[in-house]
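Visitor: Pasting in a structure now, in structure tokens, and then I'll have a few things to ask.
Number of protein chains: 2
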Amino acid sequence: MASPEIETLTQALSRLPGLGPRSARRAVLHLLKKRETALDPLLAALTAVSQRLATCSTCGNVDTADPCAICADPRRDTRQLCVVEEVADLWALERSRLFPGRFHVLGGKLSALDGVRPEDLAIDALVSRVASGGIDEVVLAMNATLEGQTTAHYIAERIEAYPVRVTQLAHGLPVGGELDYLDEGTLAQALRARRPVA
Amino acid sequence: MASPEIETLTQALSRLPGLGPRSARRAVLHLLKKRETALDPLLAALTAVSQRLATCSTCGNVDTADPCAICADPRRDTRQLCVVEEVADLWALERSRLFPGRFHVLGGKLSALDGVRPEDLAIDALVSRVASGGIDEVVLAMNATLEGQTTAHYIAERIEAYPVRVTQLAHGLPVGGELDYLDEGTLAQALRARRPVA
Numbered sequence: 001m002a003s004p005e006i007e008t009l010t011q012a013l014s015r016l017p018g019l020g021p022r023s024a025r026r027a028v029l030h031l032l033k034k035r036e037t038a039l040d041p042l043l044a045a046l047t048a049v050s051q052r053l054a055t056c057s058t059c060g061n062v063d064t065a066d067p068c069a070i071c072a073d074p075r076r077d078t079r080q081l082c083v084v085e086e087v088a089d090l091w092a093l094e095r096s097r098l099f100p101g102r103f104h105v106l107g108g109k110l111s112a113l114d115g116v117r118p119e120d121l122a123i124d125a126l127v128s129r130v131a132s133g134g135i136d137e138v139v140l141a142m143n144a145t146l147e148g149q150t151t152a153h154y155i156a157e158r159i160e161a162y163p164v165r166v167t168q169l170a171h172g173l174p175v176g177g178e179l180d181y182l183d184e185g186t187l188a189q190a191l192r193a194r195r196p197v198a
Numbered sequence: 001m002a003s004p005e006i007e008t009l010t011q012a013l014s015r016l017p018g019l020g021p022r023s024a025r026r027a028v029l030h031l032l033k034k035r036e037t038a039l040d041p042l043l044a045a046l047t048a049v050s051q052r053l054a055t056c057s058t059c060g061n062v063d064t065a066d067p068c069a070i071c072a073d074p075r076r077d078t079r080q081l082c083v084v085e086e087v088a089d090l091w092a093l094e095r096s097r098l099f100p101g102r103f104h105v106l107g108g109k110l111s112a113l114d115g116v117r118p119e120d121l122a123i124d125a126l127v128s129r130v131a132s133g134g135i136d137e138v139v140l141a142m143n144a145t146l147e148g149q150t151t152a153h154y155i156a157e158r159i160e161a162y163p164v165r166v167t168q169l170a171h172g173l174p175v176g177g178e179l180d181y182l183d184e185g186t187l188a189q190a191l192r193a194r195r196p197v198a
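Going down the list, the protein sequences come from chains A and B. Okay, so the first sequence: first residue is 1 according to the UniProt record's numbering, each after it adds one. Okay, so the second sequence: first residue is 1 according to the UniProt record's numbering, each after it adds one.
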């Protein structure tokens, strides 16, 4: 139907979450028709991100610099550390603008089903950050899923020997819900009402 | 929240049809996390298309070559010409694989409301193609909207002096429907049952 280049672009777009083959085709047509206002800016933005993409070696955030903008920001409260499963969760919390501290991205959650063990996540790195001191509170902001809560309890046990307050998000989260899908009001409520791990 | 480069990319993606701010953010996260399998292929595909993007000077199709793959294909029946409003409609018909001829993209439809006049569309170019001979049939494949049908009637009048059979898609199309949204079965039926303009 179309040239191989256009087919390849359609396929690359259709693999993005939220786009299927049909919507990818519409997106490609939009890009082809609006070269100056759609294709060129997207290409420039992708190129810029691709050239400077970096994973923060401190917190695991994905950014265009290492350390990331959050770790490098002197206004962030270094005594508060929020542990999240994924970068998407970090971004979701940042959108609520309620957490003044820094983050630690685990890169997933413990899962017997998927064979994810503690050594597959950035848990040792988290313990090191806590052990090196300067942190008063660790907020465990895992998803309210079984695996998320298992991960939270495992981490709480790993760092209970250190002189830090360990809290978790209040269970205003709907059961089974995932952070990145929540509205910011619910997130804000859950963050404000966070409580010590029992 | 994120670096300016990532924000720019999110905005560029959110302007694509079918993606809003939230789904664009998810798509960006996916791209950042799957650099080798998502970001790099998309960047390469966009670059390839951007470098070779061309509008076919014969039919108005958007492709990576001029003439486009359809106009350059010697197996296409040059005696049949299908006139469509937009490139999206051409692609929709190509997906049904039932039309063996070539195409002519008008670039829109006549619209008093939007101030689109005949000289704003590729109608003169169509008349020239018909006048230059070698065409037996012109299939008017406009959308089954008021404006699409007005456009079809206008074109039928403009080319009635030439020795070509002028047909239009059968009105198996649902009223108010647009080609690009139809399933291929309906499109195929409409194409098979095309009939002369009364």
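Glycine is no exception: its CB is placed at the ideal position from the N, C-alpha and C atoms.
May I ask which residues mark the beginning and end of the alpha helix (DSSP H) holding Glu158(B)?
Guide: Your numbering for residue 158(B) matches position 158 in the second sequence. One detail in the question is off: residue 158(B) reads as Arg in this sequence, not Glu. Its alpha helix (DSSP H) spans residues 146-158.
Visitor: From the DSSP output, read off the bridge partner residues of Gln80(B).
Guide: Numbered from 1 along the second sequence, position 80 holds the residue referred to as residue 80(B). For Gln80(B), which the question treats as bridged, DSSP gives the partners Glu137(B).
Visitor: Cα separation between Thr58(A) and Val105(A)?
Guide: By one-based count along the first sequence, residue 58(A) stands at place 58. By one-based count along the first sequence, residue 105(A) stands at place 105. C-alpha separation (whole angstroms): 9 Å.
Visitor: List the DSSP bridge partners of Gln168(A).
Guide: What you label residue 168(A) is simply residue 168 of the first sequence in a count that begins at 1. Its beta-bridge partners are Leu140(A), Arg195(A).
Visitor: In the DSSP assignment, find the alpha helix (DSSP H) that holds Val130(B) and state where it starts and stops.
Guide: Numbered from its first residue, the second sequence carries residue 130(B) at position 130. Start and end: 123-131.
Visitor: So, using beta-carbon positions, are Ala141(B) and Val83(B) closer together than 9 Å?
Guide: Here the question's residue 141(B) lines up with position 141 in the second sequence. Here the question's residue 83(B) lines up with position 83 in the second sequence. A contact, by the Cβ cut-off of 9 Å.
Visitor: For Ser23(A), return the contacting residues in chain B, with the cut-off set at a CB-CB distance below 9 Å.
Guide: Your numbering for residue 23(A) matches position 23 in the first sequence. Those are Leu16, Pro17, Gly18, Leu19, listed as they occur along chain B.
Visitor: Is Thr64(B) closer than 9 Å to Leu46(B) when the C-beta atoms are compared?
Guide: Taking the second sequence and counting its residues from 1, the one referred to as residue 46(B) is at position 46. Taking the second sequence and counting its residues from 1, the one referred to as residue 64(B) is at position 64. No. Outside cutoff.
Visitor: Can you give me the Cβ contacts of Ala92(A) inside the same chain, cut-off strictly under 6 Å, excluding the 5 residues immediately before and after it?
Guide: Within the first sequence, numbered from 1, the residue matching residue 92(A) stands at position 92. Answer for Ala92(A): Leu179, Asp180, listed in chain order.
Visitor: Taking CB distances under 9 Å as the criterion, tell me whether Glu5(B) reaches chain A.
Guide: Indexing the second sequence from 1 puts residue 5(B) at position 5. It does; some Cβ of chain A falls within 9 Å.
Visitor: Answer yes if the stretch 95-110 of chain B comes into contact with the stretch 37-46 of chain B, meaning at least three C-beta pairs across the two stretches below 8 Å, and no otherwise.
Guide: Taking 8 Å as the limit for Cβ pairs, the verdict is that the stretch 95-110 of chain B does not touch the stretch 37-46 of chain B.
Visitor: Any C-beta of chain A sitting closer than 9 Å to the C-beta of Asp66(B)?
Guide: Here the question's residue 66(B) lines up with position 66 in the second sequence. No, Asp66(B) lies away from the interface with chain A (no Cβ there is under 9 Å from its Cβ).
Visitor: When we look at the beta-carbon of Ala144(B) and count the other beta-carbons within 10 Å, is it buried (16 or more) or exposed?
Guide: Reading the second sequence from its first residue, position 144 is the one you call residue 144(B). Classification of Ala144(B): buried, given that the 10 Å Cβ count is 16 or more.
Visitor: Count the other C-beta atoms from every protein chain shown that fall within 10 angstroms of the C-beta of Thr78(B), then say buried if there are 16 or more, exposed otherwise.
Guide: Translated into positions along the second sequence, residue 78(B) becomes position 78. Result: exposed.
Visitor: Based on DSSP bridge pairs, tell me the residues matched to Gly101(A).
Guide: Counting from one through the first sequence, the residue named residue 101(A) turns up at place 101. BP columns for Gly101(A) point to Asp77(A).
Visitor: Could you list which residues in chain B have their beta carbon closer than 9 Å to that of Thr8(A), in chain order?
Guide: For this step, residue 8(A) is matched to residue 8 along the first sequence. Chain B residues near Thr8(A): Pro41, Ala44, Ala45, Ala48, Val49.
Visitor: For the candidate residues Asp183(B), Leu16(B), Gln51(B), Arg158(B), whose alpha-carbon lies nearest to that of Leu173(B)?
Guide: Within the second sequence, numbered from 1, the residue matching residue 173(B) stands at position 173. Nearest C-alpha to Leu173(B): Asp183(B).
Visitor: How would you write the range of the alpha helix (DSSP H) that Leu9(A) sits in, first residue to last?
Guide: On the first sequence, position 9 is the one that residue 9(A) refers to. 4-14 is the span of the alpha helix (DSSP H), which, as asked, contains Leu9(A).
Visitor: Would you tell me roughly how many angstroms separate the C-alpha atoms of Ala188(A) and Val139(A), rounded to the nearest one?
Guide: The sequence position of residue 188(A) within the first sequence is 188, counting from 1. The sequence position of residue 139(A) within the first sequence is 139, counting from 1. The alpha-carbon atoms of Ala188(A) and Val139(A) are separated by roughly 14 Å.
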